[in-house]
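Asker: Protein chains in written order, with the numbering used here: chain A, 33 to 314; chain B, 33 to 314; chain C, 33 to 314; chain D, 33 to 314.
For each residue, glycine too, the CB sits at the ideal point set by N, CA and C.
There are 4 protein chains.
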Amino acid sequence: MNYPSFFEIAKDFKVIMLDSYGVVKNHKGLIVGIDKTIDWIKSEGKTFRLLTNDASRSQNQQKESLAKLGLPGIELHEIVTSGMMAKQFLEQKITEGRIAYLGTENSAEYILQSGLQHVAVADVDLEDIDDISAFVFLDDEGFDWNTDINKTVNLLRKKTMPVILANSDRFYPVSRNDVAVATGGIAKLVESMLHKKFIHFGKPDSQMFMYAYEGLIEELGEIDKKDILMVGDTLETDILGGNKFGVQTMLVLSGNTREEKVNLNISSSGIIPDFLCKSVVE
Amino acid sequence: MNYPSFFEIAKDFKVIMLDSYGVVKNHKGLIVGIDKTIDWIKSEGKTFRLLTNDASRSQNQQKESLAKLGLPGIELHEIVTSGMMAKQFLEQKITEGRIAYLGTENSAEYILQSGLQHVAVADVDLEDIDDISAFVFLDDEGFDWNTDINKTVNLLRKKTMPVILANSDRFYPVSRNDVAVATGGIAKLVESMLHKKFIHFGKPDSQMFMYAYEGLIEELGEIDKKDILMVGDTLETDILGGNKFGVQTMLVLSGNTREEKVNLNISSSGIIPDFLCKSVVE
Amino acid sequence: MNYPSFFEIAKDFKVIMLDSYGVVKNHKGLIVGIDKTIDWIKSEGKTFRLLTNDASRSQNQQKESLAKLGLPGIELHEIVTSGMMAKQFLEQKITEGRIAYLGTENSAEYILQSGLQHVAVADVDLEDIDDISAFVFLDDEGFDWNTDINKTVNLLRKKTMPVILANSDRFYPVSRNDVAVATGGIAKLVESMLHKKFIHFGKPDSQMFMYAYEGLIEELGEIDKKDILMVGDTLETDILGGNKFGVQTMLVLSGNTREEKVNLNISSSGIIPDFLCKSVVE
Amino acid sequence: MNYPSFFEIAKDFKVIMLDSYGVVKNHKGLIVGIDKTIDWIKSEGKTFRLLTNDASRSQNQQKESLAKLGLPGIELHEIVTSGMMAKQFLEQKITEGRIAYLGTENSAEYILQSGLQHVAVADVDLEDIDDISAFVFLDDEGFDWNTDINKTVNLLRKKTMPVILANSDRFYPVSRNDVAVATGGIAKLVESMLHKKFIHFGKPDSQMFMYAYEGLIEELGEIDKKDILMVGDTLETDILGGNKFGVQTMLVLSGNTREEKVNLNISSSGIIPDFLCKSVVE
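1) Along the chain, where does the beta strand (DSSP E) containing A/Arg81 start, and where does it finish?
2) Could you tell me which residues DSSP puts in a beta bridge with B/Thr113?
3) Would the stretch 56 to 73 of chain B and the stretch 268 to 279 of chain B be scored as touching if the rule is three or more Cβ pairs under 8 Å?
4) Find the nearest neighbour of C/Val168 within the set C/Asn178, C/Glu123 and C/Ser207, judged by alpha-carbon distance.
5) For a contact meaning CB atoms closer than 9 Å, what does C/Phe203 contact in chain B?
6) For D/Val153, which residues from the same chain have a beta carbon less than 6 Å from its beta carbon, with the 5 sequence-adjacent residues on both sides left out?
7) DSSP state of D/Arg130, grouped into three classes?
8) Take A/Arg81 as the anchor and find which of A/Ile298, A/Ser286, A/Ile260 and A/Asp155 has the nearest alpha-carbon.
9) In whole angstroms, give me the CA-to-CA distance for D/Ile161 and D/Lys191.
10) Are B/Tyr6 and B/Gly287 close, meaning C-beta to C-beta below 8 Å?
11) List the residues of chain B whose Cβ lies closer than 8 Å to the Cβ of A/Lys257, in chain order.
12) Residues of chain F with CB under 7 Å from A/Asn178, in chain order?
13) Near C/Asp86, what residues of its chain come up, given a Cβ to Cβ distance below 8 Å and the 5 sequence neighbours on each side ignored?
14) A/Thr302 CB to nearest chain B CB: under 8 Å?
15) Comparing C-alpha positions only, which one of D/Gly65, D/Asn186, D/Thr84 and D/Phe38 sits nearest to D/Lys235?
16) Would a C-beta distance cut-off of 8 Å place A/Phe203 and A/Ala214 closer than the cut-off?
17) Taking 8 Å as the threshold (C-beta atoms), are A/Ala118 and A/Ile63 in contact?
18) Buried or exposed: D/Arg290, going by 16 or more other Cβ atoms within 10 Å of its Cβ?
19) What are the complete alpha helix (DSSP H) segments, minimum 4 residues, inside the stretch 221 to 308 of chain C?
20) Would the stretch 220 to 228 of chain D and the stretch 237 to 245 of chain D be scored as touching if the rule is three or more Cβ pairs under 8 Å?
21) What whole-angstrom Cβ distance do B/Gly129 and B/Asp163 have, given they're in contact under 8 Å?
22) With 16 as the cutoff for other CB atoms within 10 Å, does C/Ser207 come out buried or exposed?
23) Please compile the residues from chain C whose C-beta is within a distance smaller than 7 Å of the C-beta of B/Lys220.
24) Quick check on DSSP: helix, strand or coil for D/Val56?
25) Assess contact between the stretch 38 to 51 of chain C and the stretch 248 to 268 of chain C, defined as three or more Cβ pairs (one per stretch) separated by less than 8 Å. Is contact present?
26) For my contact list, B/Leu272 and B/Ile298 are in at a C-beta cut-off of 8 Å; report their separation, rounded to the angstrom.
27) Given a cut-off of 8 Å, decide if A/Leu103 and A/Gln91 are closer than it, judged by their beta-carbon atoms.
28) Please identify the residue among B/Leu283, B/Ile66 and B/Ala99 whose C-alpha is closest to the C-alpha of B/Pro36.
29) Terminal residues of the continuous alpha helix (DSSP H) containing C/Gly195?
30) Counting only the same chain and skipping the five closest in sequence on each side, list residues whose C-beta sits under 8 Å from that of C/Val294.
31) Listed in chain order, which residues of the stretch 48 to 70 of chain B have Cβ atoms closer than 9 Å to some Cβ of chain C?
32) Pull up the DSSP beta-bridge partners for D/Ala212, would you.
33) To which residues of the same chain is B/Phe233 closer than 6 Å at the C-beta, ignoring the five residues directly before and after it?
34) What does DSSP give as the partner residues of B/Phe169 in its beta bridges?
35) Quick check on this structure: which residue in B/Thr79, B/Thr266, B/Gly65 and B/Glu137 has the alpha carbon closest to the alpha carbon of B/Glu173?
36) DSSP state of D/Ile48, grouped into three classes?
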């Protein structure tokens, strides 16, 4: 099948928002040619934003990670992550006690830097939890699955507290064909055991779009939503979120959604992108 | 048990957001004394907003309905409804074809006034649906349940289109003890038959809060989220939404949440309000 | 694609169990040629059973209904319905009070003939429910959807009691392309409003298979499960139930499962029939 | 509150079926006094059965494990496990290829002894899976959670096959207050990632009750279901299963269900035991 060129469509928009995984990079590294696409966006005077549900890195780490992969030109203010939303929530709502987490020390440093103490669930003493005031699911690594998932379940059975999920993706690709359980999958397991719903951040929730939109208004003054294009590889997050927020949406086939299933996926989900392209590099 | 007075807590905030059903009114009419509370909010120089998941009335109709009940002082710009979010979505994303709906002609007039034609599902000819471009669940009345719910299912099996739910509440109180299935319950039934997720608007989604927040900035200039109090009677919508958006939250016991179950509800849901009061009138 | 003949496969089995809707009949009446298939089964000395999730008719009514359609040769003891399982449950477990129901007087007569009084939900006085001891979802007709579904919700909110669902199918076909919400869909709506799980009867539960199996042993003496073939048109009920019970299973394409989707349905459900045929008449 | 004595009620029944975990034993070992209860059952001439969802041990191992704990008198034919149901399924339906599993070599030996080869998922080569014909979730140990759960997900994404869950409990108690994720919880995680439903065995499914019932008929000749008492500590498995099968049911408070929550649990689940006792030893 023939798909229109990304550039042909993107040229009519003032703001281009790209999802990261599956659009800008994949399990092998950068999508080949993405540097030229970013250059084109900027040389055309368009405004660029990266909207990612990746919560495991700070804005700085995202920037450095992309630079290391070979994409040096992304600026801090162009990056919006679901981790930033979770961080904001914690700063605004959790004002005392210690915050327990499942994940790496590294993510904890970034998300939990609100002045409160944080403690890996592995280091929690289940007999001494009175001052634990919130729990955050951060990454799928940095802990021992068997013991620490069990410990998480027991901590949350013993004490009611806000439980935050900074990235609700259930799995992520590790190679062309294989996936790995992501932190959202682990959280789902714990939710199903406790019969609770945790507080989820990230697309398709409107919050990240709003955050980006407010930044755009500060930078550009008024901006019409019709002038914004959101590009993603996943119907349920990027496209649903963009549709709901009211911007134009483009689904690309360089990530989660396979060409041979795209029509079935659209019709079975009822989530309809405004545009459909192979990738953002052609 | 003793609860603090609403006024004692509210006096420290600059903006007071109230949910409507269960806070301002209930099945019998206005909560007794609500007029004095609204007067107090305004006389203290605080800014007021009504945030309601009721999608069946336009802002104007909401205003008139409250006036008729005995609360004349609410102004148009103080009202934010989930129907406004759905309306906005339809205007921005559905630009051609006819919009089919389940509900009253009255709601349809209000939500679907984007220049496109709208058609009650009862009047849809299932052999002639090529130009139907979206479907909206509006109310739980204005149609014949048996025939029109079945017709909705068959329409949506025949054609993929965006399906919008302007109010996801599954039921609403009709007396002190009784409830009725709301449009969100009917949509849930159809979702379960089609194995699809529709596009939901309303609290706890951040969108209504953002919409209100943007209006506040226009009206007041900068406003700190810490100066905003959201008051509601439902943990899963008002309090979760407010918590996630980052404002302070107060649960009141004048509606959905009963005093004898409030602690159980909080601990089983993990959704924790910052304040707990009997109502906004004491 | 070429499918093997039903007869070619069935000839190696001693017992043939057929699902009713989608195998023996459809919305237009009997599947053309089904009379010859039934004749063949019996003339070959095989034992026949009809296993249906239809709970709205008694064995007698099922027999008469098939005779009226043109299939007079089915005997009472060859019919096993999910209604019989529900009836048995009520007889064994509900020994006092009145049984309330949603459905037709006709089904109520059949299922609730245990000596206890039964009362249509429309006739229940919600102020006088102390002696109501169970609730049964019977059919999708015989009541006013809007008022009686709401009344059901309120009855079940007011009093805890066993709630029985004699047929959990969520919809049934009314024409080649259209479906109607079945009683299982209505029960699902009520379950989702009350956050409860009702007691479901019918395939894929092992109970109907066991009931049939016990009858077979009485009739035939010992019978090896490997000599039994279950034929159905639905993976999730007929095939899953048969697989789990340990008999051989055949999926036919004359009902719910369409030829163009059969491979997708099998691979997405993981429910694998032992045989796949077009229908039982070729 | 006062509860009737187990003996007072049990004396009127001919057959006593006990769940194992929470009724006969708990995390500390045997329930104190259980030996006297079993002696009483037998000395009164009643027939005894143990019905357990534990699939990790063979009948022999169950018997030995109970003997080691101090309960030597349980005979092989008195033990019915969900693992036996899964084993039967595999023998009847999976006749070729290799069976992959998640769990211990020990459980695999027991459940998969049908002559087919079995292979731990850790030892599966994902490039060489053509002959893998089924997958079984056996235990929550015997493997590396992180790597082997991911490997399970990828195996099941690559190939459609029957997936069997011999024990659907999501967690089990490890101390008075703490629980651990059970194999059913892990399977649930994988189900949610693959959007599939696996084949579950164990209570509340009727199959184990039927199996036990058939054995009773062989042993005793005719037996009326009204003469059978099923005793368990869990509403959703023991009591629902027993109710549905048509025997009398007793909930005891020595395991999963706590005294202070029992009324809430019954009313919120709608699953109503015929009797309620503290334990089977008083």
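Answerer: This is what the structure holds:
1) Per DSSP, A/Arg81 belongs to the beta strand (DSSP E) from Thr79 to Thr84.
2) B/Thr84.
3) Between the stretch 56 to 73 of chain B and the stretch 268 to 279 of chain B, the count of C-beta pairs closer than 8 Å stays below three; the two stretches do not touch.
4) Ranking the options by Cα distance to C/Val168, first place goes to C/Glu123.
5) Within chain B, the residues near C/Phe203 are Asn182, Val185 and Met225.
6) Ala132, Leu134, Asp180, Lys183 and Thr184, listed in sequence order.
7) In the structure shown, D/Arg130 falls within a strand segment according to DSSP collapsed to helix, strand and coil.
8) Of A/Ile298, A/Ser286, A/Ile260 and A/Asp155, the residue nearest in Cα terms is A/Ile260.
9) Rounded to the nearest angstrom, the two C-alpha atoms are 8 Å apart.
10) What is shown of chain B runs 33 to 314, which leaves residue 6 of chain B out entirely.
11) Ordered by position in chain B, the residues that pass the 8 Å Cβ test against A/Lys257 are Gln124.
12) In the displayed structure, chain F is absent; the protein chains listed are A, B, C and D.
13) Excluding five sequence positions before and after C/Asp86, the CB atoms of its chain that fall closer than 8 Å to its own CB belong to Ser52, Tyr53, Gln94, Thr113, Ser114, Gly115 and Asn199, given in chain order.
14) It is Gly, not Thr, that sits at residue 302 of chain A in the sequence shown. Chain B contact via Cβ: present.
15) For D/Lys235, the nearest C-alpha among the options comes from D/Thr84.
16) Using a Cβ distance threshold of 8 Å, A/Phe203 and A/Ala214 count as a contacting pair.
17) In this structure, A/Ala118 does not lie closer than 8 Å to A/Ile63 by Cβ.
18) With fewer than 16 neighbouring CB atoms inside 10 Å of its own CB, D/Arg290 falls in the exposed class.
19) If we require 4 residues or more, the alpha helix (DSSP H) runs fully inside the stretch 221 to 308 of chain C come out as 238 to 252, 272 to 277 and 294 to 301.
20) They do not touch, by the three-pair rule.
21) Rounded to whole angstroms, the Cβ separation of B/Gly129 and B/Asp163 is 5 Å, and the two are in contact under 8 Å.
22) The residue is exposed, with fewer than 16 neighbouring Cβ atoms inside 10 Å.
23) Result: Leu221 and Ser224.
24) If DSSP states are grouped into helix, strand and coil, D/Val56 belongs with coil.
25) The answer is yes - the stretch 248 to 268 of chain C touches the stretch 38 to 51 of chain C, with three or more Cβ pairs under 8 Å.
26) Taking 8 Å as the upper bound for CB-CB distance, B/Leu272 and B/Ile298 are not in contact here, some 11 Å apart.
27) Not in contact: A/Gln91 and A/Leu103 (Cβ atoms no closer than 8 Å).
28) Closest option to B/Pro36, Cα to Cα, is B/Leu283.
29) The question names Gly, yet the displayed sequence has Val at residue 195 of chain C. Following the DSSP letters along the chain, one finds C/Val195 in no alpha helix (DSSP H) but inside the beta strand (DSSP E) bounded by residues Val195 to Leu197.
30) The beta carbon of C/Val294 sits closer than 8 Å to those of Leu283, Leu285 and Leu308, all from its chain and outside the five residues before and after it, given in chain order.
31) Per Cβ criterion, the list is empty.
32) Bridge partners of D/Ala212: D/Tyr204.
33) Shown here for B/Phe233: same chain residues with a beta carbon closer than 6 Å to its own, the five before and five after excluded, namely Ser114, Met117, Ala118 and Ala198 in chain order.
34) According to DSSP, B/Phe169 bridges with B/Leu134 and B/Leu197.
35) Nearest option by C-alpha distance: B/Glu137.
36) Looking at D/Ile48 - three-state DSSP - the assignment turns out to be strand.
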